[in-house]
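*Asks:*
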Amino acid sequence: VEVLKGVDFDARHGDLTMVMGPSGSGKSTLIAALSGLLRPEQGRVDALDVDDMWKLSSGRIDRFRLDHCGFIFQGFNLFPALSALQQVEIVLKFQGLSKGDARKRAQLALEEVGLGHRLHQRPSALSGGEKQRVAIARALAKDPQILFADEPTSALDGENGQVVIRLLRRAATEHGAAVICVTHDPRLEAWADRVIHIEDGVIISDERRTPNPDAVLASH
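All the letters of the sequence shown, read from the start, carry residue numbers 799 to 1018 under my numbering.
1. Find out if the Cβ-Cβ distance for the pair Arg-837, Ala-831 is shorter than 9 Å.
2. By how many angstroms is the C-alpha of Gly-857 removed from the C-alpha of Arg-968?
3. Taking 9 Å as the cut-off, decide whether the C-beta atoms of Leu-828 and Phe-807 are in contact.
4. Would you be able to state if there are at least three C-beta pairs under 8 Å between the stretch 984-995 and the stretch 813-822?
5. Which ranges would you report for the beta strand (DSSP E) in the stretch 944-993 if only whole runs of at least 3 residues count?
6. Between His-811 and Gln-919, which are expected to be in contact by the criterion C-beta below 8 Å, what is the C-beta distance as a whole number of angstroms?
7. Using the Cα positions of Lys-929 and Glu-957, report the straight-line distance between them to the nearest angstrom.
8. When the Cα atoms are used, what is the spatial distance from Leu-986 to Ile-859?
9. Whose C-alpha, out of Leu-854, Asp-941 and Val-961, is nearest the C-alpha of Ala-904?
10. Does Val-799 come out as helix, strand or coil in the three-state DSSP assignment?
11. Comparing alpha-carbon positions, which option in Val-980, Val-886 and Gly-898 lies nearest Arg-916?
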């Protein structure tokens, strides 16, 4: 099955790029291909100073993702037995930070997303919005150059969704990351610097726009 068809895609640092389309349009496949999780049968993926990612060994691709990419998923992907602080620390330790430095950076990241008072809570004690903010803190703590978000607000109400999209906007404007967010939620377009629509694996429109950081995300 051909999921993506002749897609030519690039992303700028400091931009929030919204990739929009219905379920099954190829949005998540695009993120998987761009991040080195899924090898395209044709074409190439260039990222940062890497020309043609798939010429690297699988270990070097894994290291590239660890060092340069952050990921935020619809399902949060948190470890049930770990506290919010530990969820963020563990990634930093994999990067090679000392226990003390990892803890300091993890705490700062959680404070940035408004969870400084929930550091020691496990996922079972957190709301859906809080879980997603832990996931965002985990991604931002690494100071990634590329941030991938796959349907980050689809499981959230309007209030929590607004918190999440504003944090993604800050990741672009304050952290300078290239933020690539895939969604089928048209409410999120207002925050984007660029909106790409994809259907049946084909990009049908690609538009730059002026984002509205004061937009209000109404509930579904």
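A virtual CB, placed ideally from N, CA and C, is assigned to each residue, including glycine.
*Replies:* Let me lay it out:
1. yes
2. 31 Å
3. yes
4. yes
5. 944-948 and 976-981
6. Not confirmed; about 33 Å, so no contact.
7. 14 Å
8. 31 Å
9. Asp-941
10. A caution first: Val-799 carries a pLDDT of 44, below 50, which makes its placement in the model too unreliable to give a value.
11. Val-886
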